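Here the structure is laid out as structure tokens; the discussion comes afterwards.
There are 4 protein chains.
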Amino acid sequence: MRILMIGDIVGRPGRRAILNSLPDLRSELNIDFVIANGENAAAGHGITKEIAKQLFTAGVDVLTMGNHVWNKKEIIDYIDKEKRIIRPANYPPGTPGLGYNIFPAKDGVLIAVVNISGRVFMQELDCPFRVVDQVLAEIGDQTNIIIVDFHAEATSEKVAMGWYLDGRVTAICGTHTHVQTADERILPKGSAYITDVGMTGPRDSVIGVTVDSVIEKFITQMPRKFEVADTDYQLNAVVIGVNPQNGLAYEIERVFNLE
Amino acid sequence: MRILMIGDIVGRPGRRAILNSLPDLRSELNIDFVIANGENAAAGHGITKEIAKQLFTAGVDVLTMGNHVWNKKEIIDYIDKEKRIIRPANYPPGTPGLGYNIFPAKDGVLIAVVNISGRVFMQELDCPFRVVDQVLAEIGDQTNIIIVDFHAEATSEKVAMGWYLDGRVTAICGTHTHVQTADERILPKGSAYITDVGMTGPRDSVIGVTVDSVIEKFITQMPRKFEVADTDYQLNAVVIGVNPQNGLAYEIERVFNLE
Amino acid sequence: MRILMIGDIVGRPGRRAILNSLPDLRSELNIDFVIANGENAAAGHGITKEIAKQLFTAGVDVLTMGNHVWNKKEIIDYIDKEKRIIRPANYPPGTPGLGYNIFPAKDGVLIAVVNISGRVFMQELDCPFRVVDQVLAEIGDQTNIIIVDFHAEATSEKVAMGWYLDGRVTAICGTHTHVQTADERILPKGSAYITDVGMTGPRDSVIGVTVDSVIEKFITQMPRKFEVADTDYQLNAVVIGVNPQNGLAYEIERVFNLE
Amino acid sequence: MRILMIGDIVGRPGRRAILNSLPDLRSELNIDFVIANGENAAAGHGITKEIAKQLFTAGVDVLTMGNHVWNKKEIIDYIDKEKRIIRPANYPPGTPGLGYNIFPAKDGVLIAVVNISGRVFMQELDCPFRVVDQVLAEIGDQTNIIIVDFHAEATSEKVAMGWYLDGRVTAICGTHTHVQTADERILPKGSAYITDVGMTGPRDSVIGVTVDSVIEKFITQMPRKFEVADTDYQLNAVVIGVNPQNGLAYEIERVFNLE
Ligand SMILES: [Fe+2]
Ligand SMILES: [Fe+2]
Ligand SMILES: [Fe+2]
Ligand SMILES: [Fe+2]
Ligand SMILES: [Fe+2]
Ligand SMILES: [Fe+2]
Ligand SMILES: [Fe+2]
Ligand SMILES: [Fe+2]
Chain A
58 MRILMIGDIV GRPGRRAILN SLPDLRSELN IDFVIANGEN AAAGHGITKE
108 IAKQLFTAGV DVLTMGNHVW NKKEIIDYID KEKRIIRPAN YPPGTPGLGY
158 NIFPAKDGVL IAVVNISGRV FMQELDCPFR VVDQVLAEIG DQTNIIIVDF
208 HAEATSEKVA MGWYLDGRVT AICGTHTHVQ TADERILPKG SAYITDVGMT
258 GPRDSVIGVT VDSVIEKFIT QMPRKFEVAD TDYQLNAVVI GVNPQNGLAY
308 EIERVFNLE
Chain B
58 MRILMIGDIV GRPGRRAILN SLPDLRSELN IDFVIANGEN AAAGHGITKE
108 IAKQLFTAGV DVLTMGNHVW NKKEIIDYID KEKRIIRPAN YPPGTPGLGY
158 NIFPAKDGVL IAVVNISGRV FMQELDCPFR VVDQVLAEIG DQTNIIIVDF
208 HAEATSEKVA MGWYLDGRVT AICGTHTHVQ TADERILPKG SAYITDVGMT
258 GPRDSVIGVT VDSVIEKFIT QMPRKFEVAD TDYQLNAVVI GVNPQNGLAY
308 EIERVFNLE
Chain C
58 MRILMIGDIV GRPGRRAILN SLPDLRSELN IDFVIANGEN AAAGHGITKE
108 IAKQLFTAGV DVLTMGNHVW NKKEIIDYID KEKRIIRPAN YPPGTPGLGY
158 NIFPAKDGVL IAVVNISGRV FMQELDCPFR VVDQVLAEIG DQTNIIIVDF
208 HAEATSEKVA MGWYLDGRVT AICGTHTHVQ TADERILPKG SAYITDVGMT
258 GPRDSVIGVT VDSVIEKFIT QMPRKFEVAD TDYQLNAVVI GVNPQNGLAY
308 EIERVFNLE
Chain D
58 MRILMIGDIV GRPGRRAILN SLPDLRSELN IDFVIANGEN AAAGHGITKE
108 IAKQLFTAGV DVLTMGNHVW NKKEIIDYID KEKRIIRPAN YPPGTPGLGY
158 NIFPAKDGVL IAVVNISGRV FMQELDCPFR VVDQVLAEIG DQTNIIIVDF
208 HAEATSEKVA MGWYLDGRVT AICGTHTHVQ TADERILPKG SAYITDVGMT
258 GPRDSVIGVT VDSVIEKFIT QMPRKFEVAD TDYQLNAVVI GVNPQNGLAY
308 EIERVFNLE
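Chains as they are written, first to last, in the numbering used here: chain A, 58 to 316; chain B, 58 to 316; chain C, 58 to 316; chain D, 58 to 316.
Pasting the structure below:
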């Protein structure tokens, strides 16, 4: 079984990448199941019902989110209806939506998708390590194929989570920095790991945003409206080869496609 | 001309990587000049005179630093004598040491090495963008081969610096996160860029530190002494192919060696 | 000579405090010159031309700002025309507006008003200590009455600035936390000091904002629109008694008025 | 019933303040019970068994802590034996020591003392609002006299906690900034509140530390050993007048004594 995990989809170029490239990728890479981080899909901030539907139609099976999950207000109602959108599990109890869910893939195989947020340099959420333990306990023996999207900033927190979950999940895929890392590997106990899957969005940009506006912001320290850059896209993802017997990964391979 | 830029050397495994692998790498990769980030060379924190000498002897031409530059106190005197150690240029005026320097490579070609620190999630230093402008003005036409080690945390700041310097320097190499990124490229105006060169240190670790201690720190939030992990090493670097005519890069290639 | 420094004016209740109370305060406290921090005057975020005029008409002589200075876009043009609005001096060179200015008070006495921002837990601006040195050098012997509004979060940075400027300025008045501190004093070399002047705005609020929305934000960690609370006002200020001979302070007294 | 809450005791001058002044204060202010924050009692960082005993002997009934709680390692064992030392309740489950405890005062009246840490600009602990709810549930009807030391940096978080607990506890006393605030009041539903009780330590210092070292640190951004300043002390505290019938406060008064 081969699972594709796609890095943060940013704005129109990111959606175009999915619409144009995903069908081919699915067949070329022989993909059975597609997860994509969608926290920046709507103009760089959050997601809407319409955009989510578009992405599902294009072949995404599950959308994970991150710190931008609530940017478009309609998600607050929508996320309770659309169980294929997963938000970080370490928001407080009572938060709309699900922090993980279990989905049927081909041949009735079940795949659990978990979304967790880091805390270093980020929001004040519940401890990601304790919450992921609780999520794994809840998943129990419903399935042994578990993909964790750990949406975090600091490499220390992400790498630590990789080791913490090694052998207990299928894959730990970092997201949020919008830059793909080159450290993909199978950890000693059999989990696939990458610090960051990267970004699916405009290539000639600063993590999705127009170059000039970000440079100007850094230099002037004055507020600046950030707009998604309108350039050719890059698609960043990883393919995870899964052994359905034990839920462990036999392979993780980076995808870095250009328009 | 081919320049090797080595990512943060961490502790004993990192030094072993240099001693064991650098001589072979120099010849295999046909390297003319070697820069290495040495901010974590001494037990993970800073550098000493003895360790610096060891690294120079092993074939490093220039050591750049970062936020850990002052961890070993002897550096404060030593850095004013050893002009091959470069600390972030955006420390305030009057700081010991140099923020950049110009070195002779083979055939009398001159190479400027610049070290700058980011500010996002880091220390309160001078604006890296304005300081790098000033450094480039000072370098002037002494040489057009300029390698910038941008030691920073946030991908936004690093990518922005890449675009800011594109066409004005030979290469912008990010350091500090200890995880190599997969976004190396030649930018449109000819500068080589990578968000992070990665770490040269213990592979089975959390960015250099023993796995258990970091996990325990994250979970308990209690202070924990961090020690460099004692495992096999990884060596992370990039090779930059330089056109000495215009000082631009024709190539940037990642190196990810395992012990 | 007696100078009134008023803490951050927040929204409608803050403006009402000025309109209702300032005329009486001026005469009761025998005030010669009024400075007020206006960074939150317009609905809690920034200031407009109209509101600035209203405050000047009500008896404010100079408005200082802070991290919210640019929230209302019209200020970017207006601040270059209205020299009685002072923004933090440690924004980069080229920033609109002035970081300090010198104003005539009664009997032709000149008063310099300086605005500086802290960096700890705040924006990445130029070093406040080096910038204030430069400002004092520029003021030179134009006047020895100098009031510094140090707009900062961390008590360490504010107290350090107090000691740094002791004997070199008339008063160092902290702003930004919206909570008045009880540590007002004349420092050993003659400068008046207070860590925070406090807030002039709605009393039953969380530093100006409606209580429920802030609590909900902390608990849910979801985005929440913050509105200025619509309650009775408090007016927070300090009176600084100045010896015009040497520009030092003989007195600093807190004002904490309720509607 | 009158309770004295003393702000962070810093180093030798802070301990001297307690030894010299507390006996007199107890009788002059007619105090029945004394709580003091002791997180900086040992040379500015943490507390030792010996120093804790000294403070208890001098008349402190309960010591609360904060982010510096673990600085001296011996506390880790000692805190499980000494139930009069309370550390922030929102450390993870399993942390040594107690986050609250209930103590007998005169006439058999019981007083609950709770310590909570903020999260804004601080450590990544559990949600202080949810944890305090849980602590209050556990205290239940054992006593209605409840003093909360909220050890936090941001005024927004502290003021919000005050409103959150108004009517449910006797007093919410902020600590950690080492600067006493002037906003003490009885909130509408009967709880006493102050944003920060202040510091009991060396007066001519930067929140306890020698002035020159802190200024030098801010200007040079180089590491600097911080030592507790050796100057006359200040003692910062609040007296809370409690109605034992309903556990609410009828009075809160600041204490700001100088050596
Ligand atoms: Fe993202
Ligand atoms: Fe994100
Ligand atoms: Fe490093
Ligand atoms: Fe670093
Ligand atoms: Fe303000
Ligand atoms: Fe502010
Ligand atoms: Fe403290
Ligand atoms: Fe503290």
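No residue lacks a Cβ here, since even glycine has one placed at the ideal position from N, Cα and C. From a predicted model like this one, the values you see are computed outputs, not experimental measurements.
For ligand 4, any of its heavy atoms closer than 7 Å to the Cβ of residue i?
| i | result |
| --- | --- |
| G123(B) | yes |
Just list the residues that DSSP pairs residue i with in beta bridges.
| i | result |
| --- | --- |
| K230(D) | Looking at the sequence itself, residue 230(D) is Cys, so the reference to Lys does not match. C230(D) pairs with D206(D), I251(D). |
| V312(C) | A294(C) |
| R59(D) | G298(D) |
| P259(B) | Y290(B) |
| V189(C) | BP columns for V189(C) are empty, so no partner. |
Distance, Cα to Cα, residue i vs residue j?
| i | j | result |
| --- | --- | --- |
| T232(B) | A98(D) | 39 Å |
| L305(D) | G224(A) | 53 Å |
| Q199(A) | G298(A) | 20 Å |
| W220(A) | R242(C) | 54 Å |
| R83(A) | L76(A) | 12 Å |
| D164(C) | D89(C) | 10 Å |
| F313(D) | Y250(D) | 17 Å |
| K215(A) | W127(B) | 27 Å |
| V254(B) | A228(B) | 12 Å |
| N87(B) | P80(B) | 11 Å |
| M218(C) | F113(A) | 56 Å |
| K133(C) | P70(D) | Reading off the sequence, residue 133(C) comes out as Ile, not Lys. C-alpha separation (whole angstroms): 49 Å. |
| G64(D) | T252(C) | 17 Å |
| R73(B) | P150(A) | 48 Å |
| V271(C) | V226(B) | 47 Å |
| K138(B) | N158(B) | 13 Å |
| G154(C) | D183(C) | 16 Å |
| R59(B) | V117(B) | 14 Å |
| I203(A) | V166(A) | 11 Å |
| Q111(D) | E273(B) | 33 Å |
Please go through the same chain and pick out, in chain order, the residues whose beta-carbon is closer than 7 Å to the beta-carbon of residue i, but skip the five residues on each side of it.
| i | result |
| --- | --- |
| G265(B) | V67, G68, N97, G101, H235, M256, G258, P259, V285, A286 |
| P245(B) | D223 |
| V119(C) | I92, R141, I143, F160, V170 |
Quick check: is any heavy atom of ligand 2 less than 7 Å from the C-beta of residue i?
| i | result |
| --- | --- |
| E96(A) | yes |
Which residues in the same chain have their Cβ closer than 8 Å to the Cβ of residue i, if we skip the five residues on either side of it in sequence?
| i | result |
| --- | --- |
| A239(A) | R311 |
| K129(A) | A99, H102, G103, I104, T105 |
| G156(B) | I143, R144, P145, A146, N147, Y148, V171, N172, I173, V188, V192 |
| Q180(D) | N124, S174 |
| T152(D) | R144 |
| V177(D) | A209, E210, A211, S213, E214 |
Beta carbon of residue i: closer than 7 Å to some heavy atom of ligand 8?
| i | result |
| --- | --- |
| H208(D) | yes |
Say the cut is 7 Å; is the CB of residue i nearer than that to a heavy atom of ligand 3?
| i | result |
| --- | --- |
| H102(A) | no |
| D183(C) | no |
Run the proximity test for residue i: is its beta-carbon closer than 7 Å to any non-hydrogen atom belonging to ligand 7?
| i | result |
| --- | --- |
| H235(A) | no |
| D65(D) | yes |
Once the 5 residues before and after residue i are set aside, which same chain residues still bring their CB inside 6 Å of it?
| i | result |
| --- | --- |
| L315(B) | Q291 |
| G95(D) | I66, I104, L120 |
| E107(B) | none |
| A162(A) | D89, F90, I168 |
Measuring from the CB of residue i, is there a heavy atom of ligand 1 at a distance below 7 Å?
| i | result |
| --- | --- |
| D253(A) | no |
| D240(B) | no |
* Where are the beta strand (DSSP E) runs, 3 residues long or more, that stay fully inside the segment 87–132 of chain A, in chain order? -> 90–94, 119–121
* Asked: Taking only runs of the beta strand (DSSP E) that begin and end inside the segment 148–176 of chain A, which ones reach a length of at least 3 residues, in chain order?
  -> 157–161, 167–174
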